[in-house]
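Novice: The opening position of the sequence shown corresponds to residue 402 in our numbering, with each subsequent residue numbered one higher.
Cβ atoms here follow ideal geometry from the backbone N, Cα and C, with glycine treated the same way.
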Amino acid sequence: MTEEIETGAPAAEDGQGLIEKLTSLAKRRGFVFPSSEIYGGLNAVWDYGPLGVRLRRRVRESWWRRVVEGRSDVEGIECSILMNPRVWVASGHVDAFTDPLVDCLGRCHMRWRQDQLDGDRCPNCGGALSPARRFNLLFRTFVGPVEDDTARVYLRPETAQGMFVNFKNVLQSTRQRLPFGIAQIGRSFRNEISPGNFIFRSREFEQMEMEWFCSPGEDERWFDYWCQDQLQWFQDLGIRRENLRLRPHAGEELAHYALGATDIEYRFPFGWGELEGIARRGDYDLRRHQEVSGRDLGYPDPITGQSLLPYVVEPAVGVDRTALTVLLDAYDEEEVRGERRVVLRLAPSVAPYEVAVLPLSKHADLVGPARQVAAELRGALATDYDETQSIGRRYRRQDEIGTPLAVTVDFESLQDHAATIRERDSMEQVRVGFDRLLEVCREKLGLAG
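#1: Leaving aside the five residues before and after Thr804 along the sequence, list all residues of the same chain whose C-beta is less than 8 angstroms from its C-beta, in chain order.
#2: Could you pull the DSSP bridge partners for Trp464 from this structure?
#3: What separation, rounded to the nearest whole angstrom, lies between the Cα atoms of Arg553 and Asn485?
#4: In this structure, does DSSP put Pro451 in helix, strand or coil?
#5: Hey, His353 and Val566: beta-carbon distance below 7 angstroms or not?
#6: Considering only DSSP beta bridges, list what Asn537 is partnered with.
#7: Cys505 and Gly520: beta carbons closer than 7 angstroms?
#8: Helix, strand or coil for Arg457? Go by DSSP, reduced to three states.
#9: Please work out which residues of its chain come closer than 6 angstroms, Cβ to Cβ, to Val503, disregarding the five sequence neighbours upstream and downstream, and give them in chain order.
#10: Return yes when the Cβ of Arg682 is within less than 7 angstroms of the Cβ of Val720, no when it is not.
#11: With 16 as the cutoff for other CB atoms within 10 Å, does Arg823 come out buried or exposed?
#12: Buried or exposed: which applies to Thr542, given that a residue is buried once 16 or more other Cβ atoms fall within 10 Å of its Cβ?
#13: Taking contact to mean 3 or more Cβ pairs, one atom from each stretch, closer than 8 angstroms, check whether the stretch 642–649 and the stretch 695–704 are in contact.
#14: Give me, in chain order, the residues of the same chain whose beta-carbon lies closer than 6 angstroms to that of Phe599; leave out the 5 immediate sequence neighbours on both sides.
#15: Taking the alpha-carbon positions, what's the Gly618 to Trp673 distance?
#16: Name the two residues that bound the continuous beta strand (DSSP E) containing Cys628.
#17: Using 8 angstroms as the cut-off, can you tell me whether the stretch 792–810 makes contact with the stretch 769–780, which would need three or more C-beta pairs spanning the two stretches below that distance?
#18: Please state the DSSP three-state secondary structure of Pro596.
#19: Whose C-alpha, out of Arg429, Ile439, Arg591, is nearest the C-alpha of Phe498?
#20: Pull up the distance between the alpha-carbon of Pro451 and that of Phe432, whole angstroms please.
#21: List the endpoints of the continuous alpha helix (DSSP H) containing Arg772.
#22: Quick one: residues in its chain with C-beta nearer than 6 angstroms to the C-beta of Val718, no 5 flanking neighbours on either side, listed in chain order?
#23: Helix, strand or coil for Cys615 per DSSP?
#24: Just to confirm before moving on: does the CB-CB distance between Glu383 and Arg648 stay below 7 angstroms?
#25: Tell me the DSSP secondary structure of Gly442 in three-state form.
#26: With 16 other CB atoms within 10 Å as the buried threshold, where does Arg457 fall?
#27: What separation, rounded to the nearest whole angstrom, lies between the Cα atoms of Glu607 and Ser589?
#28: Per DSSP, what kind of secondary structure is Ala659 in: helix, strand or coil?
#29: Helix or strand or just coil, what does DSSP make of Gln790?
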């Protein structure tokens, strides 16, 4: 029987309350846990649970298919986290990768990023603030047994530089010609002054970055192309267009390497925030690495025979922020038969599970066929199996983790060899034969064809 939704039911509240609700749901259902929680945790460091791992993997795979596997002009690489420290001297990170730090001189002695404060008083206790000083965000460590300046290295603050220093290696080992891209997904580390808002800003995070190399003068056209391409990708993940915007950087906001930049921003509960940055980097990076390393990083033009330094357009997006965004955009509450229903209206392309198989009860006659159905679907779809608690509670649990479809095996299934498919969003149900379950599920998930 179809469940009834009362019109005018309360939606999820705005503001910090939504972040708190999502943080609680994420821990309870196994999306995100505080890191090393049994020891009190570590500020702004997070672990991903069974559902979080699935969600992040699907986000990564979606980006990789769009940017790398779906194109013939982008190559993927994986670079090490530790690099020669001269890389970060050349890139400007050692000297310029800083934020303005102020200390509370009042009761709490907390530290803040000056550029994120609205006034000149401590947001926590109202105390006076110290003069700002520059704080370098690089994490430092040492290679080898001796901890001195000659052994100092850095945990990479971005994945981009690995692609620049490998530009010639990729060019020489592939058949690529301008324009083409190099992409990678990997961990980065930033010693943030004031991280927060759940996984929006953390000290360890994962990036999806691509460096698009093109001829000088072609970069502005490709910049516009990648802004629109990545904006569409977020919509393909199920994020509503009205919650997205393109915000060009003003002149004084531009990074030292940028000829231009635009952020794709999302309307978070705490205000508009950066979801992805797309930058025109010119030839800054290749030129700097060529100067510092002494190696020729020019591109030999096969038509003119002359060497040139390509210009670069860089789309850079975080896996963690994207995961947070799809969760926030999907979170909803409504009233069903007088009860509150929490539902994550995740797009099937990012939902941890596409389908859940649920026997009506734990009766032995139902568990066997239900497990068989789950095994057959699991070969083609991300499939969960759940036989614990009442069927109503299991529906609610699957709604709360964003599973688009639930397949219920009941006692009637023993006679008609069919099961009931329930849709998460509409809660409509349809009876389908076992032999057509996969076909119909794929149709409802938009995977037919």
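Specialist: Reading it off the structure:
#1: Numbered from 1 along the sequence shown, position 403 holds the residue referred to as residue 804. Closer than 8 angstroms at Cβ, skipping near neighbours: Ala752, Pro753, Tyr754, Glu755, Val756, Ala757, Asp785, Arg825.
#2: The count along the sequence shown starts at 1 and reaches residue 464 at position 63. In DSSP, Trp464 forms no bridge with anything.
#3: As a position in the sequence shown, residue 553 is number 152, starting the count at 1. As a position in the sequence shown, residue 485 is number 84, starting the count at 1. So the two alpha carbons sit approximately 9 angstroms from each other.
#4: Counting from one through the sequence shown, the residue named residue 451 turns up at place 50. Pro451: helix per DSSP, three-state reduction.
#5: Lying outside 402 to 850, the shown extent of the chain, residue 353 is not represented and no answer is given.
#6: For the purposes of this step, residue 537 is identified with residue 136 of the sequence shown, where counting begins at 1. Bridge partners of Asn537: Thr499.
#7: In the sequence shown, the residue the question calls residue 505 occupies position 104. In the sequence shown, the residue the question calls residue 520 occupies position 119. Contact check for Cys505 against Gly520 fails: the beta carbons are separated by 7 angstroms or more.
#8: Start at 1 with the first residue of the sequence shown, and residue 457 comes out as number 56. Shown here, Arg457 sits in a helix according to DSSP, grouped into three states.
#9: Position 102 of the sequence shown, counted from the first residue, corresponds to residue 503. The beta carbon of Val503 lies closer than 6 angstroms to those of Trp513, Gln515, Leu530, Ser531, Ala533 in the same chain, with the five residues before and after it left out.
#10: Position 319 of the sequence shown holds residue 720. Position 281 of the sequence shown holds residue 682. It is not a contact, given that the beta carbons lie outside the stated cut-off.
#11: By 1-based counting over the sequence shown, the position of residue 823 is 422. Buried, by the Cβ-count rule.
#12: Residue 542 sits at position 141 when you count from the first residue of the sequence shown. Using a 10 angstroms sphere on the CB of Thr542, the tally of other CB atoms stays under 16, which defines it as exposed.
#13: Segments in contact, no.
#14: Your numbering for residue 599 matches position 198 in the sequence shown. The residues Ile420, Thr424, in chain order, have a CB closer than 6 angstroms to that of Phe599 in the same chain once the five nearest residues on each side in sequence are set aside.
#15: In the sequence shown, the residue the question calls residue 618 occupies position 217. In the sequence shown, the residue the question calls residue 673 occupies position 272. One C-alpha to the other measures close to 32 angstroms.
#16: Position 227 of the sequence shown, counted from the start, is the residue given in the question as residue 628. Premise fails: Cys628 lies in the alpha helix (DSSP H), 620–637, not in any beta strand (DSSP E).
#17: Output reads yes: the stretch 769–780 touches the stretch 792–810.
#18: Walking along the sequence shown from the start, residue 596 turns up at place 195. Note: Pro596 maps to coil in three-state DSSP.
#19: As a first step, residue 498 must be located in the sequence shown, where it is residue number 97. That would be Arg591, whose Cα lies nearest to the Cα of Phe498.
#20: In the sequence shown, the residue the question calls residue 451 occupies position 50. In the sequence shown, the residue the question calls residue 432 occupies position 31. Their backbone Cα atoms lie some 6 angstroms apart in a straight line.
#21: Numbered from 1 along the sequence shown, position 371 holds the residue referred to as residue 772. Here the alpha helix (DSSP H) through Arg772 covers 765–779.
#22: Locating residue 718 in the sequence shown gives position 317, counting from the first residue. Contacts found: Met609, Glu677.
#23: Stepping through the sequence shown from its first residue, residue 615 is reached at position 214. The answer is strand: DSSP assigns Cys615 an E or B state.
#24: Nothing can be reported for residue 383, as the shown portion of the chain is limited to 402 through 850.
#25: Sequence index remark: in the sequence shown, residue 442 carries index 41 (1-based). Note: Gly442 maps to coil in three-state DSSP.
#26: Here the question's residue 457 lines up with position 56 in the sequence shown. Arg457 comes out buried.
#27: Here the question's residue 607 lines up with position 206 in the sequence shown. Here the question's residue 589 lines up with position 188 in the sequence shown. Going from the Cα of Glu607 to the Cα of Ser589 covers about 6 angstroms.
#28: On the sequence shown, residue 659 is found 258 positions in, with the first residue counted as 1. Correct three-state label for Ala659: coil.
#29: The residue labelled residue 790 in the question sits at position 389 within the sequence shown. Here Gln790 carries a coil assignment [DSSP, helix/strand/coil].
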